[in-house]
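Everything on this sheet refers to the single structure shown next.
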Amino acid sequence: MKKLPLTLLSAAAVANSALAEDHISVHYLNYEEYDDKVEAGDSVVSIEKSFGLDWTINLELGYDTVSGASPSWGPTTPIGSAADAVNRATKTQQAQNMTDQVIRAGYDPHSSGYKIQKYELEDTRKSINGSATYRDELRNEWTFGANFSKEEDYRSIGLNGKGLIYADAQKNRSYSLGFSTLFDETMTFGKYQTSTNPQSWEDIFTGNVEAGLSQTFSPNYYMVFTGYAGYRSGYLSNHYLTVLREVDIDGDGSIGTDEVFLGQDSRPDTRLSGGVNIQAFWSMSETLVVRPRYKWFQDDWGVASHQLGGKLSWTVNSWLTLAPGYFWYTQSAADFYRDPNGSDPTFASSGYATSDLRLGDFTANAYELGASFKVHKKLRFNLLGAYYEQSNGFEAQWWAVGATYEF
Numbered sequence: 041m042k043k044l045p046l047t048l049l050s051a052a053a054v055a056n057s058a059l060a061e062d063h064i065s066v067h068y069l070n071y072e073e074y075d076d077k078v079e080a081g082d083s084v085v086s087i088e089k090s091f092g093l094d095w096t097i098n099l100e101l102g103y104d105t106v107s108g109a110s111p112s113w114g115p116t117t118p119i120g121s122a123a124d125a126v127n128r129a130t131k132t133q134q135a136q137n138m139t140d141q142v143i144r145a146g147y148d149p150h151s152s153g154y155k156i157q158k159y160e161l162e163d164t165r166k167s168i169n170g171s172a173t174y175r176d177e178l179r180n181e182w183t184f185g186a187n188f189s190k191e192e193d194y195r196s197i198g199l200n201g202k203g204l205i206y207a208d209a210q211k212n213r214s215y216s217l218g219f220s221t222l223f224d225e226t227m228t229f230g231k232y233q234t235s236t237n238p239q240s241w242e243d244i245f246t247g248n249v250e251a252g253l254s255q256t257f258s259p260n261y262y263m264v265f266t267g268y269a270g271y272r273s274g275y276l277s278n279h280y281l282t283v284l285r286e287v288d289i290d291g292d293g294s295i296g297t298d299e300v301f302l303g304q305d306s307r308p309d310t311r312l313s314g315g316v317n318i319q320a321f322w323s324m325s326e327t328l329v330v331r332p333r334y335k336w337f338q339d340d341w342g343v344a345s346h347q348l349g350g351k352l353s354w355t356v357n358s359w360l361t362l363a364p365g366y367f368w369y370t371q372s373a374a375d376f377y378r379d380p381n382g383s384d385p386t387f388a389s390s391g392y393a394t395s396d397l398r399l400g401d402f403t404a405n406a407y408e409l410g411a412s413f414k415v416h417k418k419l420r421f422n423l424l425g426a427y428y429e430q431s432n433g434f435e436a437q438w439w440a441v442g443a444t445y446e447f
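Put into structure tokens, the structure is as follows:
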């Protein structure tokens, strides 16, 4: 279930301004991909409590569910007999013996028989996140946190920290420096042997750092500039996905129609990335705030992206706030990506390989509309609806509902 960062989706989804008061929040997010693919639900309960003026504690509990179907390559030619089954297993083992990449069970003797199919996916995740913020005599802020999550085929534990330092007593400028680390384990498929792919746990390390500058230009306008870098190592492939590999098992120098095999999605075991995030906050009036944003990302897999858009916060009256948003996104493909719907979706017997649309070349649009209703001086209800589309045909929508109570 690592492919769905639901906690990030939910954190970004709900139209709810940052609260300085002590509060407890309960929110639910529903995420659904079109064409009957993945559907997910994320329930989050969080509480924030300050102790005096110097300490603030935050605790969050989450429960996520995923169901539906994960699209991946698979065979469609039925097994005709016991001899046919033995022949398929034999050829799969021959292919595995000729490559250092993982060949998956599910060989089709006719290369045209492989089709993108939907394989059932169902999982749950339980998570807990906590953080503590301390403010020193100069009111600089120091935050440290930890998180843990567990699901059937994925486990994660992490640490994070951030410092916010004001440049002067007027607090018109501040500097920030933050880090986060994740120590994960994922269940993976091993090389084909004795008619199957044995499974085992593999490690993943993720480290991120960021440095930021916040500058107030006027009482109504300020900007935040952030540079970030990330490093990942370990098993970075997606074990839910497969690719098609050509393996010359008869050694005649050409690939026959019976020499195309299912392979495991395969990616480098390290990934170095970085970029810049620029965001502005402009209070055009007492009731209207505009938040434009630009983000650039680059990694050593060949992926580069640009995101441009923003959100608007409109205080309609004393009890209603609306928050529409739009983002445009463009991305270049990873060096080892091939379009599964292209004219030649197959890969060589060795080398990295993925047909994951999220690592492809595409543009995307995201639309959202949030609303916050203040039904009591201490109680607020939050709603959000969003739609996302990629130029390669991928579509998704999500909605969120929740409440925040100040105490």
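Using my numbering, the first residue of the sequence shown is number 41, and each one after it goes up by one.
Cβ coordinates follow ideal geometry from the N, Cα and C atoms, glycine included.
These figures come from a predicted structure and were not determined experimentally.
Leaving out five residues before and five after Gln-430 in sequence, what residues of the same chain have Cβ atoms less than 6 Å from its Cβ?
Phe-402, Ala-404
Considering only C-alpha positions, which residue in the set Ala-145, Ser-107, Phe-184 is nearest to Gly-114?
Ala-145
What residue does the alpha helix (DSSP H) around Lys-89 start on, and which one ends it?
Looking at the DSSP string, Lys-89 is not in any alpha helix (DSSP H); the run it does join, the beta strand (DSSP E), is 78–91.
Tell me whether Ala-269 sits in a helix, a strand or coil according to DSSP, three-state version.
strand
How would you label Pro-111, buried or exposed, when you count the other beta carbons within 10 angstroms and need 16 or more for buried?
buried
Using a Cβ distance threshold of 8 Å, determine whether the segment 382–396 contacts the segment 421–438, with at least three qualifying pairs required.
no
Using a 10 Å radius around the Cβ and a threshold of 16 neighbouring Cβ atoms, would you call Gln-141 buried or exposed?
buried
Inspect the beta-carbon positions of Arg-285 and Thr-139 and report whether they are closer than 9 Å.
yes
Integer-rounded CB distance, given that Tyr-159 should sit under 8 Å from Val-300:
The pair is not a contact, with the Cβ atoms about 19 Å apart (cut-off 8 Å).
Helix, strand or coil for Arg-378? Go by DSSP, reduced to three states.
coil
Buried or exposed for Tyr-194, please, with buried defined as at least 16 other CB atoms from any protein chain shown within 10 angstroms of its CB.
buried
Please confirm whether Tyr-407 and Gly-342 have their CB atoms less than 9 Å apart.
no
Would you kindly check if the distance between the Cβ of Asn-317 and the Cβ of Phe-266 is under 9 Å?
Strictly speaking, residue 266 in this sequence is Thr, with Phe absent from that position. Cβ distance < 9 Å, so Thr-266 and Asn-317 count as in contact.
Of all the options Gly-201, Gln-319, His-67, Thr-310, which has the alpha carbon lying nearest to the alpha carbon of Gly-185?
Gly-201
Take Glu-191 and list the residues in its own chain whose beta-carbon comes closer than 7 Å to its own, dropping the five residues that flank it on each side.
Met-41, Asp-163, Thr-164, Arg-165
So if DSSP puts Ile-156 in a beta bridge, which residue, or which two residues, is it bridged to?
Trp-113
Please identify the residue among Ile-244, Val-287, Asp-384, His-279 whose C-alpha is closest to the C-alpha of Thr-221.
Ile-244
How would you write the range of the alpha helix (DSSP H) that Val-40 sits in, first residue to last?
Since the first residue of the chain shown is 41 and the last is 447, residue 40 is not available in this structure.
Could you tell me the alpha carbon to alpha carbon distance between Phe-337 and Thr-234, rounded to whole angstroms?
43 Å
Excluding the five sequence neighbours on either side, which residues of its own chain have a C-beta within less than 6 Å of the C-beta of Asp-224, listed in chain order?
Ser-196, Ile-244
For Ser-258 and Met-324, the rounded distance between their alpha carbons:
12 Å
Lys-202 lies in the beta strand (DSSP E); which residues open and close that run?
194–206
Is the segment 85–104 touching the segment 126–134, taking contact as three or more C-beta pairs under 8 Å?
no
May I ask which residues mark the beginning and end of the beta strand (DSSP E) holding Ala-426?
419–430
If you run the structure through DSSP and keep just helix, strand and coil, what is Arg-331?
strand
DSSP-derived helix/strand/coil call for Ser-323:
strand
Is the beta carbon of Thr-361 sitting closer than 9 Å to the one on Lys-414?
yes
Check Leu-397 in the structure and name its three-state DSSP category.
helix
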